[in-house]
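Residue numbers (my numbering): 25 to 507.
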């Protein structure tokens, strides 16, 4: 093992200063057996997570270069500047601090480098390195066969390698995180504009990704997608966002329905245990995505932090018999598809756009289960509010055996709808509203018509009950067809 790890301890305040002096680089100038001390603080800046240098010439520098010589005792103190959970790891020396959380708390790591070279230091919390928390650790001349980002388990791009890990045992307490497709507020109709309060709570919870497979989701209100929010054009909406105290991350919300900086994300970067609030006026009717917008944004989205907000036009929407709420997403796990046990998120697969699972409403085949399948009757007209959380893949939304009578393309509710549509494209961060009348009983399959995604968990069922209609469809069912 390269290097010697000596200490890693969480403390509540800055350690007492050493009696030694420091040079212009913030390095201790004791003679033999020199001790090199640095202080870093975590922060959010310009949409990234960073380390900020504290003291001497490092003060205020983002992800500063840290230097030492072989044989030096390196002591690094890391403060959680904004309250989220962080740590620091020095590649090439297997030196890692404990995690630290809570604004103002700190952790110390000590180790002795035993070779020259330029190495990476970074936060190992999921997605934090990719969100910007990494820098260089230069030992001696900085020249060796190893360079920053190219040490063990690295790709040479400053990111850990895309490797699969063994899954731990599945969590027996994992919960059902699937948002039921019928969990929708009643239509607003013809009321006038008013003040509306929306309460969101960010919950990190272990859920059932598939049979025998559990995953740590990040959610709005404990389900995926987040709650369906329904307001009217002209409403003044007051949004309250609470982040539970046991969260490991800061969270926020960006509403695509908001006219204002960050869609509200600038006002809702909420630390664990905190609450934020902002108001906006719903100026444009339509069906809009909302999602977490805390770095790394794509990681927060892929872990489940997305939902839909409907801004009804004046007078409301045309009446239908049933409404359903469906969203598509991707999940990136370190373990291959269908690995049983407790699987973990993989930020490199996310950046490489290499998902293991495609899901409707949070988990594999969630809407194909008896618990969460869509159900309706012959003769009814149904409406599906459909959105793509993503974060990366376009959906070719299709219901096998049905034709959409009306498609509100790009979720525009003021333009005339498209009619008689077989498949409709919905981009990440986009939505649509489709309506169709049910005329023949049977089981209808909701898919993304990039059909290989069915084999990775992306399918849902719409069960239609009622009398046969041989004038429209008449045939003998083939057993085992999958339909």
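A virtual CB, placed ideally from N, CA and C, is assigned to each residue, including glycine.
With DSSP run on the structure shown, which of helix, strand or coil describes residue i?
{"i": "residue 492", "result": "coil"}
{"i": "residue 467", "result": "strand"}
{"i": "residue 435", "result": "helix"}
{"i": "residue 214", "result": "coil"}
{"i": "residue 73", "result": "strand"}
{"i": "residue 392", "result": "helix"}
{"i": "residue 286", "result": "helix"}
{"i": "residue 149", "result": "coil"}
{"i": "residue 323", "result": "helix"}
{"i": "residue 203", "result": "coil"}
{"i": "residue 81", "result": "helix"}
{"i": "residue 268", "result": "coil"}
{"i": "residue 457", "result": "strand"}
{"i": "residue 476", "result": "helix"}
{"i": "residue 174", "result": "Model confidence at residue 174 stands at a pLDDT of 39, short of 50, so the residue's coordinates are unreliable and nothing is read from them."}
{"i": "residue 195", "result": "coil"}
{"i": "residue 12", "result": "Since the first residue of the chain shown is 25 and the last is 507, residue 12 is not available in this structure."}
{"i": "residue 234", "result": "strand"}
{"i": "residue 186", "result": "For residue 186, the predicted model reports a pLDDT of 41, less than 50, meaning its position is unreliable; a value from the coordinates is still stated below. Three-state result, residue 186: coil."}
{"i": "residue 291", "result": "helix"}
{"i": "residue 411", "result": "strand"}
{"i": "residue 160", "result": "strand"}
{"i": "residue 255", "result": "strand"}
{"i": "residue 497", "result": "coil"}
{"i": "residue 280", "result": "coil"}
{"i": "residue 63", "result": "strand"}
{"i": "residue 167", "result": "coil"}
{"i": "residue 462", "result": "coil"}
{"i": "residue 315", "result": "strand"}
{"i": "residue 310", "result": "strand"}
Using the DSSP secondary-structure output, state which residues sit across from residue i in a beta bridge.
{"i": "residue 427", "result": "BP columns for residue 427 are empty, so no partner."}
{"i": "residue 219", "result": "260"}
{"i": "residue 422", "result": "447 and 471"}
{"i": "residue 301", "result": "264"}
{"i": "residue 336", "result": "256"}
{"i": "residue 247", "result": "244"}
{"i": "residue 68", "result": "73"}
{"i": "residue 144", "result": "160"}
{"i": "residue 229", "result": "241"}
Keeping to the same chain, check which residues put their C-beta closer than 8 Å to that of residue i; ignore five residues upstream and five downstream.
{"i": "residue 531", "result": "One cannot answer for residue 531 here, as it falls past the ends of the chain, which runs 25 to 507."}
{"i": "residue 409", "result": "208, 252, 311, 332, 334, 347, 348, 349, 350, 455 and 457"}
{"i": "residue 303", "result": "260, 261, 262 and 263"}
{"i": "residue 447", "result": "420, 421, 422 and 473"}
{"i": "residue 155", "result": "72, 73, 319, 320 and 323"}
{"i": "residue 294", "result": "226, 265, 266, 267, 274, 275, 276 and 300"}
Taking the alpha carbon of residue i as the reference point, which residue from the options has its own alpha carbon closest?
{"i": "residue 109", "options": "148, 247 and 93", "result": "148"}
{"i": "residue 219", "options": "143, 306 and 500", "result": "306"}
{"i": "residue 222", "options": "371, 78, 425 and 300", "result": "300"}
{"i": "residue 366", "options": "88, 240 and 78", "result": "240"}
{"i": "residue 507", "options": "495, 484 and 80", "result": "484"}
{"i": "residue 495", "options": "471, 465, 486 and 115", "result": "465"}
{"i": "residue 123", "options": "137, 115 and 107", "result": "107"}
{"i": "residue 75", "options": "82, 503 and 66", "result": "66"}
{"i": "residue 79", "options": "159, 144, 62 and 399", "result": "62"}
{"i": "residue 194", "options": "505, 145, 162 and 368", "result": "368"}
{"i": "residue 95", "options": "165, 68, 139 and 167", "result": "139"}
{"i": "residue 470", "options": "92, 435 and 383", "result": "383"}
{"i": "residue 159", "options": "189, 117 and 89", "result": "89"}
{"i": "residue 467", "options": "426, 229, 117 and 313", "result": "426"}
{"i": "residue 213", "options": "255, 68 and 429", "result": "255"}
{"i": "residue 91", "options": "105, 157, 167 and 314", "result": "167"}
{"i": "residue 479", "options": "398, 388 and 413", "result": "388"}
Leaving aside the five residues before and after residue i along the sequence, list all residues of the same chain whose C-beta is less than 6 Å from its C-beta, in chain order.
{"i": "residue 380", "result": "357 and 361"}
{"i": "residue 250", "result": "244 and 331"}
{"i": "residue 283", "result": "307"}
{"i": "residue 400", "result": "346, 406, 462 and 488"}
{"i": "residue 396", "result": "202, 204 and 390"}
{"i": "residue 491", "result": "none"}
{"i": "residue 171", "result": "For residue 171, the predicted structure reports a pLDDT of 45, less than 50, and the residue's modelled location is therefore unreliable. A value from the coordinates is still provided. Once the five neighbours on either side are set aside, the close Cβ partners of residue 171 are 142."}
For the ligand PLP, any of its heavy atoms closer than 7 Å to the Cβ of residue i?
{"i": "residue 64", "result": "With respect to the ligand PLP, the structure shown offers nothing to examine, as it has no ligands at all."}
Leaving out the 5 sequence neighbours to the left and right, which residues in its chain are closer than 7 Å to residue i when beta-carbon positions are compared?
{"i": "residue 322", "result": "374 and 415"}
{"i": "residue 337", "result": "257, 309, 437 and 438"}
{"i": "residue 417", "result": "354 and 452"}
{"i": "residue 463", "result": "402, 493 and 496"}
{"i": "residue 393", "result": "none"}
{"i": "residue 327", "result": "241, 242 and 369"}
{"i": "residue 229", "result": "199, 201, 241, 243 and 246"}
{"i": "residue 269", "result": "296 and 297"}
Inset, instruction - Give, in chain order, every unbroken run of the beta strand (DSSP E) that is at least 3 residues long and sits entirely within the region 86-133. - result: 90-92 and 97-103
Legend entry - beta strand (DSSP E) runs wholly inside the region 350-406, at least 3 long, in chain order: 381-384 and 398-401
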